[in-house]
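Written below as structure tokens is the structure these notes are about.
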Amino acid sequence: MKTKEINNNTVIDKIDVHVHIGKYAGSFVNSNYEPKILDYFKKNGYKKIVFTHNSFFFNLEEGLKNTLEFILANSNFAYGYLVYNPHFIERSLNIIRDNFGKNNIVGIKMHPEDHRCFIDDEKYRPLWKIASEKKIPVLSHTWNPNVASSFQKFADAVLFEKVIMEFPGLKIILGYAGAKDYYYIEVVKMLKKLKKYHLYIDTAGDILYRGMLEKFVESAGAERILFGSDVPWMDPAFTISYIESSGFSLPVKTRIFSGNAADLFAI
Amino acid sequence: MASLNNFNCCSEIYDCCLWYGTDSTNPEVNSDLKLLSNHTDSLNKIFNDVKLFINSLYSVYYDPIEGDIALEGILKKNKDNFLGTIIFPSHFILEKKGFEKYLGKKIKSGFKMLRLLPKNHKYSVDAWAFKYFYEILNRWHFPVVISLDELDITGNKQINWKYFYDLAQKYPDIPIILDGGNAKEMVFSGYLFQVLQNTGNVYLNIHNLFAFNQVEEIVQQFGAGKLLFDSNLPFYPEEMVIRRIGNARIINEDRSKIFGGNMKNIIKRITVY
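Encoded structure:
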């Protein structure tokens, strides 16, 4: 009779910093995923989430309304990002000024691919200023600019080197580690070089490459890695399995799953 | 997260897609015999019957004939656990006649699946262009695997989903295995579910059925018979996908089908003429 268990896992507390709430494009069938995902969170050690409401990418006021409503319904659990739209600078800044630090609003999300605006474009400069002044963590969609999808060129993670040199006080999370198709190798190099700055990566998305996390920990330190799933585009079960099957010690896994996020967002 | 004690249900595992060799475009990706042996040993500790379907990266990036000959040698030495996936050599498009003989020879050497790489190797797999080969594969009930990457011509998520309808309806005896490759488009269930709904012989490799609850939802809507376990080693950590299915919110009977039962049935039906 063979041993049928790989191991028994300790359930580690989790803070997922890359969650999407709200309906999205019609190509995605799981439109009614919210009740299921909340149940999943409860059963799998989730203590908190930091989310973006999908409507925020397209309509700032609607996005804010939906964000606050979701927080209100899940007040001990859900923390929200505001969205900065580089094409509607004043409206974005007004929303940030009025809402950051209140009602569980703890960060700003930017999406250079969706908004078709390069990370180092002047239109992001007002964001860098306010985020530096108010010490607001900024999560950015980042990606490999060389993939076939042409819009991803806007989201090249290594463009942040220029930004962080000019605004050294920024706290930036590189969503998806900028890593599709092994671009993480470039991101690892950048993080190693800019170790003294507050540059983080998250584990969201389909970037579950063998050995990737180990390289980030080795070069940038475990304190720079945040657990993020990109749910519902990713089932967190994949991301959790990915981190759990790494060779890290329990304290390192705990840092990644929740400790770093708790420190960064003060939640 | 539940512990991995759901394996009591499952005595066999058929890992339907893993790779041998080095990815020429990225030397970080390397799978040698040692890695494959370690993977086999780990699986042998959990499952009684372990079969790995190996694809040669050399066949993808250099020469399918030469790469698959090299792979043949490896299969011979590991008959208990290793099976091969043929990479379709595109010269058969011009010299069709030799294909049937080639396929027969490969099957005898332990290859049980054919992978098509239309984008990488620049040929068309539309039914009208590939008819000669599909007819043989249909007669032989021989499984064909194709990755979504290979059908995304623009790179902007414009997948030719209709390909699967046409192919599956015209050739109902070819088990058509849709593999996510490196594409995120497998999460677009709106299209994927339409394919499953309208075809009887399309199967999905599970390594990048990433969307939330997607594995569970497919099982619920279409049954577990459509899903095939694959690790996509060395691109992903070998344990990750095993854990995903081990911990999936499905009954053990379904888990067992996904891990091995479905693929076992597919290769049982292969008939060589």
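So the protein lines, in turn, are chains U and X.
Residues in the first sequence are numbered consecutively from 1, following the working numbering.
Residues in the second sequence are numbered consecutively from 1, following the working numbering.
Backbone N, C-alpha and C fix where the C-beta goes; we use that ideal spot for every residue, glycine too.
- Nearest C-alpha to X:N201 among X:I107, X:H207, X:L233 and X:Y165: X:Y165.
- The criterion of a C-beta distance shorter than 8 Å is satisfied by U:Y79 and U:I267.
- X:N182 carries a coil assignment under DSSP once its states are collapsed to helix, strand and coil.
- With a 10 Å radius around the Cβ and a threshold of 16 neighbouring Cβ atoms, X:N26 comes out exposed.
- Within chain U, the C-beta atoms nearer than 7 Å to that of X:K184 come from D206, in chain order.
- Remark: C-beta atoms of U:F265 and U:I243 do not approach each other more closely than 8 Å.
- Leaving aside the five residues that flank U:K180 on each side, the residues in its chain whose CB is nearer than 8 Å to its CB run, in chain order, W143, N144, V147, Q152, G205, D206 and I207.
- The closest CA to that of X:L137, considering only X:N55, X:D15, X:Y171 and X:W128, is found on X:Y171.
- With contacts defined by Cβ atoms closer than 8 Å, X:V241 and X:Q214 do not form a contacting pair.
- Distance from the Cα of X:L35 is smallest, within the candidate group X:R269, X:Y20, X:N48 and X:D49, for X:Y20.
- The C-beta separation of U:A131 from U:H141 comes to about 16 Å, leaving the pair out of contact by the 8 Å criterion.
- Inter-segment contact for the segment 189-206 of chain U and the segment 41-58 of chain U is absent: fewer than three beta-carbon pairs are separated by less than 8 Å.
- Counting along the chain, X:W19 sits inside the beta strand (DSSP E) bounded by residues E12 to T22.
- Of all C-beta pairs linking the segment 216-229 of chain X to the segment 216-230 of chain U, fewer than three are shorter than 8 Å, placing the two stretches out of contact.
- Beyond the five residues adjoining it in sequence on each side, U:Y84 comes within less than 6 Å, by CB distance, of S92, I108, M110 and L127 in the same chain, given in chain order.
- Taking a beta-carbon distance threshold of 8 Å, U:K36 counts as an interface residue toward chain X.
- Listed along the chain, the chain X residues whose CB falls inside 7 Å of the CB of U:A131 amount to none; the nearest CB is some 29 Å away.
- When C-beta distances to chain U are compared with 7 Å, the residues of the segment 228-250 of chain X below that value are P234, F235, Y236, P237, E239, M240, R243, R244 and N247, in chain order.
- A direct Cα-Cα distance of roughly 22 Å separates X:D254 from U:Y33.
- When CB distances to chain U are screened at a threshold of 8 Å, the residues of the segment 210-223 of chain X falling below it are F210, A211, F212, N213, Q214, V215 and E217, in chain order.
- Residue ranges of uninterrupted beta strand (DSSP E) with 3 or more members, entirely inside the segment 133-189 of chain U and ordered along the chain, are 137-141 and 171-175.
- Beyond the five residues adjoining it in sequence on each side, X:L192 comes within less than 7 Å, by CB distance, of M186 in the same chain, given in chain order.
- Residues of chain X with a Cβ closer than 7 Å to the Cβ of U:D235 are, in chain order, F210, A211, F212, N213 and Q214.
- Look at X:E66: its C-beta is not under 8 Å from any C-beta on chain U.
- The residue among X:F133, X:L233, X:V195 and X:R249 with its C-alpha nearest the C-alpha of X:N160 is X:V195.
- The Cβ of U:E244 sits closer than 8 Å to at least one Cβ of chain X.
- For X:N205, the uninterrupted beta strand (DSSP E) run begins and ends at V202 to N205, by DSSP.
- Residue contact check for U:P251 against chain X: no CB pair falls below 8 Å.
- Contact with chain U is found for X:N156, since one of that chain's Cβ atoms lies less than 8 Å from the residue's Cβ.
- The beta carbons of U:P168 and X:F212 sit no closer together than 8 Å.
- Contacts with chain X at 8 Å (Cβ-Cβ) include U:Y33.
- In the displayed model, U:Y242 falls within a helix according to three-state DSSP.
- When secondary structure is reduced to three states using DSSP, X:D173 falls in the coil class, being assigned neither helix nor strand.
- Remark: C-beta atoms of U:Y124 and U:I164 do not approach each other more closely than 8 Å.
- U:E90 and U:L60 have their C-alpha atoms spaced approximately 11 Å apart.
- Residue pairing by DSSP puts U:G107 in a beta bridge opposite U:Y81.
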